[in-house]
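K.L.:
Protein chains in written order, with our numbering: chain A, 1 to 212; chain B, 1 to 130.
1) In terms of residue numbering, what span does the alpha helix (DSSP H) encompassing residue 42/B cover?
2) At a Cβ threshold of 8 Å, is residue 69/B touching chain A?
3) When the Cα of residue 99/B is compared with those of 75/B, 92/B, 127/B, 113/B, which residue comes out closest?
4) Any beta-carbon of chain A closer than 8 Å to the one on residue 52/B?
5) Cα-Cα, which of 35/B, 96/B, 87/B is closest to residue 75/A?
6) Hey, is residue 83/A's beta-carbon within less than 8 Å of any beta-carbon in chain B?
7) I'd like to know if the stretch 3-10 of chain B and the stretch 21-37 of chain B are in contact, where contact means that at least 3 CB-CB pairs between them fall below 8 Å.
8) Going by CA-CA distance only, name the one from 192/A, 172/A, 164/A that's closest to residue 38/A.
9) Name, please, each residue of chain A whose Cβ falls closer than 7 Å to the Cβ of residue 42/B.
10) Mind checking residue 67/B: buried by the 16 CB within 10 Å criterion, or exposed?
11) Does DSSP put residue 47/B in a helix, a strand or coil?
12) Between the C-alpha atoms of residue 9/A and residue 45/A, what's the straight-line distance to the nearest angstrom?
13) Following the continuous alpha helix (DSSP H) through residue 74/B, name the residue where it begins and the one where it ends.
14) Excluding five sequence neighbours on each side, which residues of the same chain lie with their C-beta closer than 7 Å to the C-beta of residue 102/A?
15) Using a cut-off of 7 Å between C-beta atoms, extract the partners of residue 12/A located in chain B.
16) Check this for me: beta carbons of residue 114/B and residue 63/B, under 8 Å apart or not?
17) What three-state label does DSSP hand residue 115/A in the structure shown?
18) Look at residue 37/B and residue 68/A and say whether their C-beta atoms are less than 8 Å apart.
19) Under the three-state reduction of DSSP, which class applies to residue 50/A: helix, strand or coil?
20) So, does the CB of residue 117/A fall closer than 8 Å to a CB anywhere in chain B?
21) Quick check on the DSSP output: the alpha helix (DSSP H) that includes residue 163/A runs from which residue to which?
22) Please return the same chain residues whose Cβ sits closer than 8 Å to the Cβ of residue 115/A, not counting the five positions on each side in sequence.
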């Protein structure tokens, strides 16, 4: 596997590095297992990507990541992120390089998957509050004719603002919804893990001259 | 007979409910527990659940009972891994897992259809205890 596997390993390592941070965020408003669950899932992903056979096809790599997350994360983020990767495998099937157009389609398919699976929408203090603005920013930047790394930077900035936004709203989905108004002031752990993944991907692309 | 799949975050909860419900079951009723992750940690695993559904599968279909949060989401994900003709006859019950499992097992044991077993499980939501 080439650059994509390396990029996804970087994403996985960023999640693993932030295990405690994500767990602390989740302990404040949830059941405190988000970091632990995500790190367990991505440890399995990293092992598979490092020891995997020479898969070059983007769709197959996305499927491998999705299936691994689905069976190892354990919490709701498993089926959510797992479905996101599985759905992203559809527009990238048969491709060996991801261009801007494919990346946009993958991003859109992934977020649609998360919405379908979680029956959630923006404004409910979930990962979608980081991901949807990120997708919009990505699309706008892409349509303005910018490069893939520039699109990723725009997405990343939007996701970060999305995290800030989650501090100002009450959770109505997931475990945090039990807290009602007490969830105010806290940033959403799922939005944060989404941002961490986007940020790692963006940093990887900055360091690599070619597109993943 | 309709097969029953029990999905819990904890392997012991799924196994325990299986034992409890089996007391009310016909001997050849398939009740499959899909609790926890492969390594025994707390959580739900869509692949384990889809395997359990295949194991519970009969011509009559399968009803899944699930506990909290991601158990339902993982069960819904598991359905996507099944063939269309299998999936058509698999239902996820919107029911409390213990009471729903017992009600479902009783209905399945007397030869209920998948919709009847589903209704029996979901009827457990209205059971008053005191």
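Ideal Cβ positions, reconstructed from N, Cα and C, are used throughout, including at glycine.
P.N.:
This is what the structure holds:
1) Along the second chain, read from residue 1 onward, the residue named residue 42/B stands at position 42. No alpha helix (DSSP H) contains residue 42/B, which DSSP labels as neither H nor E.
2) Locating residue 69/B in the second chain gives position 69, counting from the first residue. Yes, contact with chain A.
3) The count along the second chain starts at 1 and reaches residue 99/B at position 99. The residue with the shortest Cα to Cα distance from residue 99/B is 127/B.
4) Locating residue 52/B in the second chain gives position 52, counting from the first residue. No, residue 52/B lies away from the interface with chain A (no Cβ there is under 8 Å from its Cβ).
5) Within the first chain, residue 75/A is the residue found at index 75, counting from 1. The candidate whose alpha carbon is nearest that of residue 75/A is 35/B.
6) Reading the first chain from its first residue, position 83 is the one you call residue 83/A. Chain B, which has a Cβ nearer than 8 Å to the Cβ of residue 83/A, makes this yes.
7) yes
8) The count along the first chain starts at 1 and reaches residue 38/A at position 38. Taking only the C-alpha atoms, the option nearest residue 38/A is 192/A.
9) As a first step, residue 42/B must be located in the second chain, where it is residue number 42. Those within 7 Å of residue 42/B in chain A are 74.
10) On the second chain, residue 67/B is found 67 positions in, with the first residue counted as 1. Flag for residue 67/B reads buried.
11) Working through the second chain from its first residue, we reach residue 47/B at position 47. Here residue 47/B sits in helix by DSSP.
12) One-based indexing of the first chain puts residue 9/A at position 9. One-based indexing of the first chain puts residue 45/A at position 45. Near 8 Å, if we compare the C-alpha coordinates of residue 45/A and residue 9/A.
13) Against the second chain, residue 74/B aligns to sequence position 74. Looking at the DSSP string, the run of the alpha helix (DSSP H) that includes residue 74/B is 70-79.
14) Numbered from its first residue, the first chain carries residue 102/A at position 102. Once the five neighbours on either side are set aside, the close Cβ partners of residue 102/A are 91, 92, 95.
15) Looking up residue 12/A in the first chain gives position 12. None at all; the shortest Cβ gap to chain B is about 18 Å.
16) Along the second chain, one-based indexing puts residue 114/B at 114. Along the second chain, one-based indexing puts residue 63/B at 63. Closer than 8 Å, so yes.
17) As a first step, residue 115/A must be located in the first chain, where it is residue number 115. Three-state result, residue 115/A: helix.
18) Translated into the one-based positions of the second chain, residue 37/B becomes position 37. Translated into the one-based positions of the first chain, residue 68/A becomes position 68. No.
19) As a position in the first chain, residue 50/A is number 50, starting the count at 1. Looking at residue 50/A - three-state DSSP - the assignment turns out to be helix.
20) For the purposes of this step, residue 117/A is taken as residue 117 along the first chain, with counting starting at 1. Yes - at least one Cβ of chain B is within 8 Å of the one on residue 117/A.
21) Against the first chain, residue 163/A aligns to sequence position 163. Taken as a continuous stretch (DSSP letters only), the alpha helix (DSSP H) holding residue 163/A covers 148-166.
22) Position 115 of the first chain, counted from the start, is the residue given in the question as residue 115/A. Cβ neighbours of residue 115/A beyond the five flanking positions: 121, 128.
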